[in-house]
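Enquirer: Going by my numbering, the sequence shown opens with residue 113, and the numbers climb by one from there.
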Amino acid sequence: MTARIMTQPVGASINPTNPWVSGFADAYGAELLQAGILDAGSIDRARRAAIATGDRFDLVLTKLGLVSEADLAASLAGFLGVALYSPNDEGLEPLMDDILAPSFIRQNRMLPIRMDDRRITIAVVDPFDTLPLEATRLVVDRPIEYEIVTQSNFDRLIQSIYPNDDPGSQSAIQVQSNDDASEFDLQRLQESASEAPVVRLVSKIISDAVDLRASDIHFEPTTNSLNVRYRIDGMLRTVETIPESLRAAVVSRVKILAKKDIAERRLPQDGRIKLAVRGDEIDFRIATIPTVNGESIVMRVLDRNRVQLDFEHLGFDDAHVALLQRLMAYPNGIVLVTGPTGSGKTTTLYTILKRLNQPFSKIFTVEDPIEYLLAGISQVQVQQAIGLDFPACLRAILRQDPDMIMIGEIRDRETAHIAVQASLTGHLVFSTLHTNSAAETVTRLMDMGVEHFLLGSTIRGIVGQRLVRSLCPACTRPHEKSSYWVDCLGDRMPSQLKRPPPNLCQPVGCPKCHSTGFRGRLAISEVLLIDESIQQAILRRLPASEIASIARQGGMTTIYEDGVAKAWDGSTTIEEVLRVTSIV
């Protein structure tokens, strides 16, 4: 597709600032309807919102969360007959920096990407904002082509090209820092939390977290500041230090978004909010707790668009997927997924339920909290405040004629006993447990008070897992100590897992992975099938170490061995596997 050469403002023929006079909303709405991006009801809703707010029709679509930022840019490019710019982050450097200041580029959201003797190509976020393009064309005195770029890609490119010229968050801090809001002046605090600089700062923190694929946002008070950290691929990274004068206002802003009581600072509070970020609806789970320096807040980012409920994508190899399918085929019993906090247990359970979700099956879940909504599955939220705990939910669900039940977590003896009883009465039960290995799950349930003879007859299988960071495919390179690790680990791997030649790699760092060398995470796992030999070990109350030994003799691949196999394939690093499995 050839980008349009700018000889006149593109807005001359279509004036999107007045969507009803120009007919832009009608024409573009028809394009979205024909492409199957939106239905007629959603288009009509956006039209009414555009009239009520005076906003442009295309911008309303993302504000309402009807169309994602990426889909909007692609559809606008097709509608206007221009190219969609997809940066590859290679060879990026400032162009026309003697003419276009970084502040001008940021403010007008336009970035020169290619230039030769005949023309200049500029990536623009808003193709209808033509004045900056016209001004640039007059200054350079040559034709200008433009391509559409998404806001997130534009922000990333600007940060990469002009890393030392980012006035965004600092300007907000400077504007507000001279007007302190006391933590004990509630009226002033609420007013301060609603002022534009604080609103912009919190919005930027949230949108940047989504762009960087963060799973959590941490607001951590110190004696003289508020530190903001993102958890990206399981590792925390400090991204912002907010001065003490803004601490109370920022914390209150987050609590206002979650509809929590800003006057209550002595007790923990939990909440949930839904925001449209870059046009995508994203859920955030909010948890506050008082500390000696003030309230600490953690926002869990629940981005459904980023989670792919697919075993292969999660990192399970073919052998483990086959074992999981075997467990899913049982008509009754208990299947457990174990591991520490943040090891992906719930995501694995959701993936199992997605595979099992059929029109002829009735599936219930009991969760605290519900992280992702699954169509066709009845999900129940635990509410401790009114007595609706896990045991109460399970007792009620058993009267709803379910085929399968998913329990978010077995936390106590009563929940464990009800899960066992549900499996004995013909239900297939899935749940999670916090243990360090699959074999230790048996000992943990016995400690909870479940009889050993019931465990042997009800548990069908136990999945133990961890998450390791995946190497960035754009910048990985062969490991400098490859021969050392091959000699060191080769003898400790089962012969069936050795995959010559080894492809041991190490991280490097590039703009795509934000100089970390890693991008995304994958699961390393072990699947313990409860066969006759394991049942006998449970009945004899053998320790976890002996149960694990029997399972390995029967062919079970441990978490460590699965991790080394993935390092052997170049998916992750040996160091990452050793960090997660704690084996030296």
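Just so you know, even glycine gets a beta-carbon here, dropped at the ideal spot from N, CA and C.
Does the Cβ-Cβ distance between T670 and L616 come in under 9 Å?
Expert: To locate residue 670, count along the sequence shown from 1; it is residue 558. To locate residue 616, count along the sequence shown from 1; it is residue 504. Not closer than 9 Å, so no.
Enquirer: In the DSSP assignment, find the alpha helix (DSSP H) that holds F630 and state where it starts and stops.
Expert: In the sequence shown, counting from the first residue as 1, residue 630 sits at position 518. Unbroken run through F630 is the beta strand (DSSP E), F630 to L641; no alpha helix (DSSP H).
Enquirer: From the DSSP output, read off the bridge partner residues of M222.
Expert: Within the sequence shown, numbered from 1, the residue matching residue 222 stands at position 110. In the DSSP assignment, M222 forms a beta bridge with V236.
Enquirer: Relative to the alpha-carbon of L207, which residue among G445, N336, A195 and L223 has its alpha-carbon at the smallest distance?
Expert: Mapped onto the sequence shown, residue 207 falls at position 95. When each option's Cα is compared against that of L207, the closest is L223.
Enquirer: Considering only the alpha carbon of each residue, which of G153, T403, S215 and E521 lies closest to P380?
Expert: Residue numbering aside, residue 380 sits at position 268 when the sequence shown is read from its first letter. The shortest Cα separation from P380 among G153, T403, S215 and E521 belongs to T403.
Enquirer: Is H564 near V554, with beta carbons less than 9 Å apart?
Expert: Residue 564 sits at position 452 when you count from the first residue of the sequence shown. Residue 554 sits at position 442 when you count from the first residue of the sequence shown. In this structure, the beta-carbon distance from H564 to V554 falls below 9 Å.
Enquirer: For a minimum of 4 consecutive residues, which ranges assigned as the alpha helix (DSSP H) are wholly contained in the segment 405 to 493?
Expert: 423 to 426, 430 to 440 and 457 to 468
Enquirer: Look up C617 in the DSSP assignment and give the residues it is bridged to.
Expert: Mapped onto the sequence shown, residue 617 falls at position 505. The partner list for C617 (beta bridge, DSSP) reads P590.
Enquirer: Thinking C-beta only, is I374 closer than 9 Å to S364?
Expert: The count along the sequence shown starts at 1 and reaches residue 364 at position 252. The count along the sequence shown starts at 1 and reaches residue 374 at position 262. Result yes, Cβ atoms of S364 and I374 sit closer than 9 Å.
Enquirer: Measuring CB to CB, does T79 end up less than 9 Å from V575?
Expert: In this structure the chain extends from 113 to 696, so residue 79 is not present and cannot be described.
Enquirer: Rounded to whole angstroms, what's the CA-CA distance from K678 to I646? Just pull it up for me.
Expert: Indexing the sequence shown from 1 puts residue 678 at position 566. Indexing the sequence shown from 1 puts residue 646 at position 534. C-alpha separation (whole angstroms): 27 Å.
Enquirer: Rounded to the nearest angstrom, what separates G193 and V236 at their Cα positions?
Expert: Numbered from 1 along the sequence shown, position 81 holds the residue referred to as residue 193. Numbered from 1 along the sequence shown, position 124 holds the residue referred to as residue 236. One C-alpha to the other measures close to 14 Å.
Enquirer: Using three-state DSSP, classify S627 as helix, strand or coil.
Expert: Start at 1 with the first residue of the sequence shown, and residue 627 comes out as number 515. Three-state DSSP puts S627 in coil, outside helix and strand.
Enquirer: Could you spell out where the beta strand (DSSP E) holding K386 opens and where it closes?
Expert: Here residue 386 corresponds to residue number 274 of the sequence shown, with the count starting at 1. Start and end: Q381 to V389.
Enquirer: May I ask which residues mark the beginning and end of the alpha helix (DSSP H) holding V562?
Expert: Position 450 of the sequence shown, counted from the first residue, corresponds to residue 562. Where V562 is concerned, there is no enclosing alpha helix (DSSP H), given that its DSSP letter is neither H nor E.
Enquirer: Give every residue of the same chain whose Cβ lies closer than 8 Å to the Cβ of T174, excluding the five residues on either side of it in the sequence, and list them in chain order.
Expert: By 1-based counting over the sequence shown, the position of residue 174 is 62. Within the same chain, T174 has close Cβ partners S180, E181, L184, A388, R390 and G391.
Enquirer: Is G488 buried or exposed, if buried means 16 or more other CB atoms sit within 10 Å of its CB?
Expert: As a first step, residue 488 must be located in the sequence shown, where it is residue number 376. By the 10 Å Cβ count, G488 comes out exposed.
Enquirer: Could you give the C-beta distance for I475 and D515, rounded to a whole number, given that I count them as a contact under 8 Å?
Expert: As a first step, residue 475 must be located in the sequence shown, where it is residue number 363. As a first step, residue 515 must be located in the sequence shown, where it is residue number 403. I475 to D515, Cβ: 7 Å. Contact.
Enquirer: Assuming contact is defined by CB atoms lying nearer than 9 Å, are D429 and D674 in contact in what I supplied?
Expert: Translated into the one-based positions of the sequence shown, residue 429 becomes position 317. Translated into the one-based positions of the sequence shown, residue 674 becomes position 562. Cβ atoms of D429 and D674: closer than 9 Å.
Enquirer: Give me whichever residues DSSP pairs with M518 in a beta bridge.
Expert: Within the sequence shown, numbered from 1, the residue matching residue 518 stands at position 406. Paired residue(s): T477 and F542.
Enquirer: Which residues does DSSP pair with S337 in a beta bridge?
Expert: Your numbering for residue 337 matches position 225 in the sequence shown. According to DSSP, which records beta bridges pairwise, S337 is partnered with P355.
Enquirer: Enumerated in chain order, which unbroken segments of the alpha helix (DSSP H) with a length of 4 residues or greater are wholly contained in the segment 150 to 225?
Expert: 152 to 165, 169 to 175, 181 to 192 and 214 to 220
Enquirer: Exposed or buried, what is D209 when buried is set at 16 or more other beta-carbons lying within 10 Å of its beta-carbon?
Expert: Position 97 of the sequence shown, counting from 1, holds the residue named residue 209. Per the 10 Å Cβ criterion, exposed.
Enquirer: Who are the Cβ neighbours of Y140 in its own chain at under 7 Å, not counting the five residues just before and after it?
Expert: Start at 1 with the first residue of the sequence shown, and residue 140 comes out as number 28. The residues are F169, D170 and F191.
Enquirer: Just tell me which of K316, I394 and D328 has its CA closest to the CA of V362.
Expert: By one-based count along the sequence shown, residue 362 stands at place 250. V362 has its Cα closest to that of K316, out of K316, I394 and D328.
Enquirer: Is it true that the CB of R159 sits closer than 9 Å to the CB of M347?
Expert: For the purposes of this step, residue 347 is taken as residue 235 along the sequence shown, with counting starting at 1. For the purposes of this step, residue 159 is taken as residue 47 along the sequence shown, with counting starting at 1. Against a cut-off of 9 Å, the Cβ pair of R159 and M347 comes out as no contact.
Enquirer: What does the alpha-carbon distance come out to for the pair D238 and R221?
Expert: For the purposes of this step, residue 238 is taken as residue 126 along the sequence shown, with counting starting at 1. For the purposes of this step, residue 221 is taken as residue 109 along the sequence shown, with counting starting at 1. Looking at the two C-alpha atoms, the distance is approximately 7 Å.
Enquirer: Contact defined as beta carbons within less than 8 Å: I believe E352 pairs with N336. What is the distance between those atoms, to the nearest angstrom?
Expert: By one-based count along the sequence shown, residue 352 stands at place 240. By one-based count along the sequence shown, residue 336 stands at place 224. Incorrect: roughly 15 Å between the Cβ atoms, too far for contact.
Enquirer: Ends of the beta strand (DSSP E) at Q577?
Expert: Within the sequence shown, residue 577 is the residue found at index 465, counting from 1. First-last of the beta strand (DSSP E) with Q577: I571 to L583.
Enquirer: Assuming contact is defined by CB atoms lying nearer than 9 Å, are H546 and T453 in contact in what I supplied?
Expert: Reading the sequence shown from its first residue, position 434 is the one you call residue 546. Reading the sequence shown from its first residue, position 341 is the one you call residue 453. Contact: yes.
Enquirer: Looking at the structure shown, is L510 part of a helix, part of a strand, or coil, going by DSSP?
Expert: Within the sequence shown, numbered from 1, the residue matching residue 510 stands at position 398. Of the three classes helix, strand and coil, the one that applies to L510 here is coil, per DSSP.
Enquirer: Using a 10 Å radius around the Cβ and a threshold of 16 neighbouring Cβ atoms, would you call I464 buried or exposed?
Expert: The residue labelled residue 464 in the question sits at position 352 within the sequence shown. Result: buried.
Enquirer: Is the separation between the beta-carbon of P585 and that of R631 shorter than 9 Å?
Expert: Taking the sequence shown and counting its residues from 1, one reaches residue 585 at position 473. Taking the sequence shown and counting its residues from 1, one reaches residue 631 at position 519. A distance below 9 Å separates the beta carbons of P585 and R631.
Enquirer: Leaving out five residues before and five after W597 in sequence, what residues of the same chain have Cβ atoms less than 6 Å from its Cβ?
Expert: Working through the sequence shown from its first residue, we reach residue 597 at position 485. These residues qualify, in order along the chain: L616 and I686.
Enquirer: What would DSSP say about A504, mapped onto helix, strand or coil?
Expert: Position 392 of the sequence shown holds residue 504. If DSSP states are grouped into helix, strand and coil, A504 belongs with the helices.
Enquirer: Report the option in I368, S327 and P503 whose CA atom is closest to the CA atom of N417.
Expert: Along the sequence shown, read from residue 1 onward, the residue named residue 417 stands at position 305. Checking every option, the nearest Cα to that of N417 belongs to S327.
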